[in-house]
Every structure is written in structure tokens, then in C-alpha cells.
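Protein chains in written order, with the working numbering: chain A, 39 to 241; chain B, 39 to 241; chain C, 39 to 241; chain D, 39 to 241.
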């Protein structure tokens, strides 16, 4: 295992690259903050890949999740970034959670699910409200699957109700958002270091 | 049964009267719009009353829900108004839903639950995001309990993320919010008239 | 417009045909009950079609949503059927909601969104809990988009916690579930008839 | 600071003592497992106390939250136990989250919110589905407020859909539930030890 901590951002915009994405912007901001704590980061736009529906680790020919999964397995920190659609996480974020669900049956030699010891941070953007609910749905699924959620384990931005604007179109990142992003990253890095040094005990 | 349609707003602010309440303001706006469609309205600040925990119609001595319930029984339209706290409906709104849950076993002579034929509109305000999720939780519980939910069955306002402001402190109601409030009220009045004329069939 | 009411079931299983699907089974049961009230029904397994990510009515070449959308436009009642994954609706159900969201800007000559006058019923199955939450998320999105939600606007089955079983593998449909399915269908048919006769007024 | 780790269970049943409570039973099971890891535990039935509505640490005369809060401040692990009503956490659990929300502004000398370093476990029971959604809403609020959520940070039991039974009336705790409870407690104890030794850094 390398000595440096690694983070993977899975960006769940409905749009493929190179379309500008608010989710990618906030994910990038989390990764930049993690870099300041010595964490190496990588980002993947999930819509650029074919991720088949299903709840297995590999859905067979053509399914590109196994490649994304390999990056996840190698990471200490997952940054799950999603837009808000109809008040919910995107269908692509839900697809990712469905695929990660398979990790519950991928256990190590001592019986721990494969995601144990990893930390998750959730980042949500949207032109309308939804962040708290989306964070809720994501952290529940991720804790269930074996991730640990830090204090202040999320960052987000939603526009005012019925006044749609995009995060990527703001002149500046609001200071309170930047501060929350910094806190989430700082806490995630701290927690990932603790868990890297002392993994959860087996049963 | 009186010929005029009646609406009851249950305002689920955490604050008692006469503290100003954003939930009361938006409830009042729904009632004003309903009045324009010939619906008589009444509003109750639930925090002014002792509503005991439980899931029965009457929790016994001191419980004031039965008085509020009587108003609900006489209404054709329920306006459930709640603030957003930690991204959720208020504890008082959830208390109201718990008490309304008892209506499932209060059936008429043909076996229909007591709320059948009534229409519900949900109104949410908050200094942070949460409206879509709160509407979801409320309309699910209310449809389960026998209420019908109109097209555009809710109105709401949330401030921009991490930029807390209160609905009651806005200089003006944003036009898009006023328009949604008007639509929700218009649709609720239309639907309540239809259901008053032709109640759901018994099984 | 034909005189007979029409229903469309969008079955949001993660599995394509001809794999047996619990979501399809419960959707079929709703349609069978609707048929008893004179409603003609059609069912589509969404996973059999390519539904592209996006929030427009037509995402361009190869996108098969426009064909499904045409069926939806012709229907009076939508039956949205979904399994429970990680406690949430499937990624395919969320995809459908994202696409239906575009209907808000498809207005008729009097300015009403295209889904106004249609009724929605939600049907949820799962080998673990989630039905109430999924119904919540679906009915909020559907009411927002212009559907009307009847009293008892959903039917569902979840297995006992941590005791996974599939709805399609039950020896018999539990009587309480069959009764709820019948009620949801009866109420949806009644409401669709009322709204067919008297559409919501324009603003 | 004492050398032994401490846990506090806040039991959010709608019923006061000495009524038997399924929420209390599952909370007790979490505490028993924590005791096996050297964690001293205490349990409070919240309905036995007057917890006033509001979002401040102390709502004034008669408010008993400050006494409960003192126990929380002294604990390393919070076990939040709630029943399922209309598919949601109880109004009492939401009341507790509203009061804990005030901790965001109670910072230590280095600016960390007062709950930083504490670990939370959520325990849900219900005669119908709801656990995953309730866990979601609780862990989001608790992570927001400064708690850390362990891998497998919850335990739960829901009866099969429309087949109401109570957790406290089961002949035996299902083995899968007992195992999940043990895992949640083991992980919480491990994480609390790590955070006790190495608190999150200040900004």
C-alpha cells in the first residue's frame, strides 16, 4: 500500500465531458482542499463511461464499472458529487450507489466488507433545493456499505427557491461554502489517516 | 354539509403566537388565494396548543388535538405549513402527521377512511434547503392517510445555501413563489369541488 | 380523445425483459385492477429501452424516451413501478422522473403543463424496507410535474428487515397488499374520470 | 476527562416509561454490545422529559433539554433510537435533532463545534418499513452537527409490509439484526477511541 492517501471523485452530472459541470467544479474544490492535506486525487465523470444497471461488481461485457471500481478500491477517500434533479440525487449517482452496494459481499480475509476503512464525503449542487436530502440518502447508503462519514461530511450549494442559477456560473464561490468544503476535506483527511493506521476490528 | 368549501391551515412553526412566523405567512397566502376561489379559511398555530405524542385520535386528558381534529374533519382542504429544520419538516409537523395517522381507522359507514375526499396542499419555508424533501414526506403521509394531492400540490421558499434569510423578512414575495402559491390554491379548490360532488367509491 | 381511459405502467426494474421482475408483477396487478374499472392498460419495461440522461423531452439520436413519452402523453393514469435499492427508488425510476421533469415546459394552449389532468399511482417492491420513502420521492416529483395523486395513491411490498425475499417469489400476494392495490387502482380510476371531465382551470 | 468511553442512548419512543418500547429494547442491545467493548452506557426515554420546541441550547424555564444535553456533552457515543411513524422518525427524534442543531454554535476554544469527536449510531424499529430513510435523515443531521458516523453506523428492524408486528414482541432477535447491532457497536467503539486520542484538527 502506498504511503500517500488517495481520493477518488465520482462526478455524477447528467452531462458527459467536456460539458461544464457544477458537480465537477465542487468535486474539484474538495480535491484541491484534500491536496492541501497531502491527499492525491483523481476525478471521473461517470457519464463518460458505460455503467450498466445491476447490483453486481461486474455486469459483464461492455460494463465499464469494473474500471471505475478499481480506482475506488485503491482510494482512501470517496468524494461523491451530484447535481439536484427533481429534488433528488441524479440517476447516475443512484446508479453508482447500486453498484457500490455489491461491495458488501466483497470481504477481506478477516470478513470485513471491501469499503471498510474508507471515508466518504458528499458534495451536492443544484439550481433548486435538495442538498440536505441528497446528503442524507448518500451518507446512509455509503455508511451501510462500509464507508465512514466524517463530522461535517458534506459540502453543497443550492440556489434560492424558484430562482435557478448554477454553481458554475457564480462569480465567486460563497465564503461559507468554501469554508464548509475546506472543513469537510480537512476532516476526511484526518479520519482517513486514523483509519489507515487502525482499521476497524474484524468480528 | 355547508355549501361553501372550507380550508384549514395547520401552521407547524416551532414558535407560538404572537411570534412572527414565516410558515404562518405562507399559509396565509395560500388561504388568501383559496378565498379568491370561494373557499373559507381558518388557520391554527399548532404550537399554541398541547398536542400530545401518540397515534390515537384522542390521547386523553389535556390533549388538545381533538379540538384541532374537529376543525380538520370540517375542512375540505388541509394546508400543512412547516418550516425547515436540519433539512426536515418541524417536529410539530411530524407530530400532526402522527395524529392524523389515526384517521385510517376512523371509517365512514361505507368503510372509507375519514380523510377521503379531502385535498391537501403543503407549504414549506426555510432559511436553508429542504422544501422538495419535506413536500415528499408530507404528501406521502397525507396520501396514505386519505388526502388527495393536486397537480402542483405545494408551494415553498428556501433561501440560498448557507445564506440564511427568513421568508417573512423578504421585502416582497418573489413572483415565481406567488405564482406557485396561486396555482396550488387554484388546483386545490378545483379538486376539492370535484371530490365534494363525487366522493371516492367504497370498495 | 378516445372515450376509454388509458393507463401506462413504466416498470423501473434494473433488469431487462424477459427476466422476471417483482416490479412488473405489482405493476401488472395495478393494471389488472384498473381494467376492472374500464381502464385500458399498457406496460413498458424501461430497461428494455435506451433512455438517455438529461432533462429534455428528446435527448437526440438514439434516445428512445420520445417513444415512451408518446405513450405517456396518451395515458390518463401513470403507474410508476420501482424496486428498492439501497433504500431508494432504482436509478431507472429516477431517470424517468428526470425526463418527465421536462414536461413542465410543455404547456397546452392555455398554459397548463402537459401532465395536468393525469393521475399517478406509485407501486414499490423490495427485499428490504424503503417503500414509504420511495413513494414520498415519487409523488413529490409527480405532483410537481403536474400529476394528481389519489387518496391511497400507492401500493407496495417490502420484506422484513434483513430477511431478503422477492415479491415475485411469494406463494401468494398478501391479502392486505392485494386490497391496497385494489384501492389505489379504484381511486385512480375515479379521479382520472373526474379530471377527464373537468380539467384544472388555466391561470 | 475520564479514561472510560461513555455512551448515551436517547430513546425517542412516543411512549413514556414504564410502557414497554421497541426503541428502548434496540437501544439497550446497542448499549450492551458497547459495554462488551468497555463503553459505559446510559439511556434516557426522551418522552419522560419536557423538551421544548426550539433551536437553542436552553429554551428557558421548564425546559429539561439542558439536563439531557449535559449527558450528551459527557458522552463519546450517541445512540439515537427511534420508532417509525408514517415512514418517518418520530416527532420526538426530530425534536432532539432540532435541539442538537444548536451545538453548531457552541464551539470550543479552537473553534470546533461541541459535538466534534463524538460518534453517532442510529437504531430504528418499526411495524412497517422506514429504517433506511430514517437512518438517512438522522445521519445527515448528525454529521452536519459534528458527529462522526462509523461504517455500518446503524441497526434496525422493520416488519414486513402491511403485516404489523413490534420488535419487542418477537420471540427472539433475528440473528442478522443481532449481528448488525454488534457490528455497529464494535465500529462505534473503535472510532470513538481513535477520535478520543486524536480529535479533528481546528481550521
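Virtual Cβ for every residue (Gly too), placed ideally from N, Cα, C. Predicted, not measured: the structure shown is a model, and the values here were computed from it.
Look at the alpha carbon of residue i and the alpha carbon of residue j, and state the distance between them as a whole number of angstroms.
i                      : j                      : result
residue 237 of chain A : residue 150 of chain A : 10 Å
residue 74 of chain C  : residue 112 of chain C : 20 Å
residue 215 of chain D : residue 200 of chain C : 7 Å
residue 147 of chain C : residue 207 of chain B : 37 Å
residue 213 of chain B : residue 126 of chain B : 25 Å
residue 65 of chain B  : residue 167 of chain B : 19 Å
residue 204 of chain B : residue 143 of chain D : 19 Å
residue 198 of chain A : residue 135 of chain B : 27 Å
residue 53 of chain B  : residue 95 of chain B  : 24 Å
residue 61 of chain B  : residue 85 of chain B  : 12 Å
residue 145 of chain B : residue 129 of chain B : 27 Å
residue 59 of chain B  : residue 106 of chain C : 45 Å
residue 90 of chain A  : residue 88 of chain C  : 12 Å
residue 232 of chain B : residue 82 of chain C  : 31 Å
residue 152 of chain C : residue 109 of chain C : 13 Å
residue 49 of chain B  : residue 133 of chain B : 12 Å
residue 154 of chain B : residue 186 of chain B : 8 Å
residue 63 of chain B  : residue 195 of chain B : 11 Å
residue 103 of chain B : residue 210 of chain C : 40 Å
residue 220 of chain A : residue 178 of chain D : 18 Å
residue 131 of chain A : residue 56 of chain A  : 19 Å
residue 241 of chain A : residue 191 of chain A : 26 Å
residue 184 of chain C : residue 184 of chain B : 19 Å
residue 239 of chain B : residue 239 of chain A : 59 Å
Which term fits residue i, buried or exposed, when burial requires 16 or more other beta carbons within 10 angstroms of its beta carbon?
i                      : result
residue 171 of chain C : buried
residue 235 of chain D : exposed
residue 100 of chain D : exposed
residue 41 of chain A  : exposed
residue 174 of chain A : buried
residue 169 of chain C : buried
residue 182 of chain B : buried
residue 51 of chain C  : buried
Can you list, in chain order, the residues of its chain whose CB lies under 8 Å from that of residue i, leaving out five sequence neighbours each side?
i                      : result
residue 189 of chain C : 225
residue 93 of chain B  : 136, 137, 139 and 140
residue 202 of chain C : 165 and 166
Ignore the nearest five residues each way along the sequence and tell me which others in residue i's own chain have a CB closer than 7 Å to its CB.
i                     : result
residue 79 of chain B : 45, 47, 69, 72 and 73
Skipping 5 residues on each side, what residues in its chain have a beta carbon closer than 6 Å to that of residue i?
i                      : result
residue 98 of chain B  : none
residue 115 of chain A : 45, 157, 226 and 230
residue 77 of chain A  : 43, 45 and 227
residue 218 of chain A : 193
residue 180 of chain D : 158
residue 223 of chain D : 68, 71 and 72
residue 118 of chain C : 48, 160 and 176
Look up residue i in the DSSP assignment and say whether it is helix, strand or coil.
i                      : result
residue 158 of chain A : strand
residue 188 of chain C : coil
residue 81 of chain A  : strand
residue 126 of chain D : strand
residue 48 of chain D  : strand
residue 151 of chain C : strand
residue 142 of chain B : helix
residue 121 of chain D : strand
residue 205 of chain B : helix
residue 42 of chain A  : coil
residue 218 of chain B : helix
residue 177 of chain C : helix
residue 196 of chain D : strand
residue 68 of chain D  : helix
residue 163 of chain D : strand
The segment 117-127 of chain D in contact with the segment 159-171 of chain D per 3-pair CB rule at 8 Å: yes
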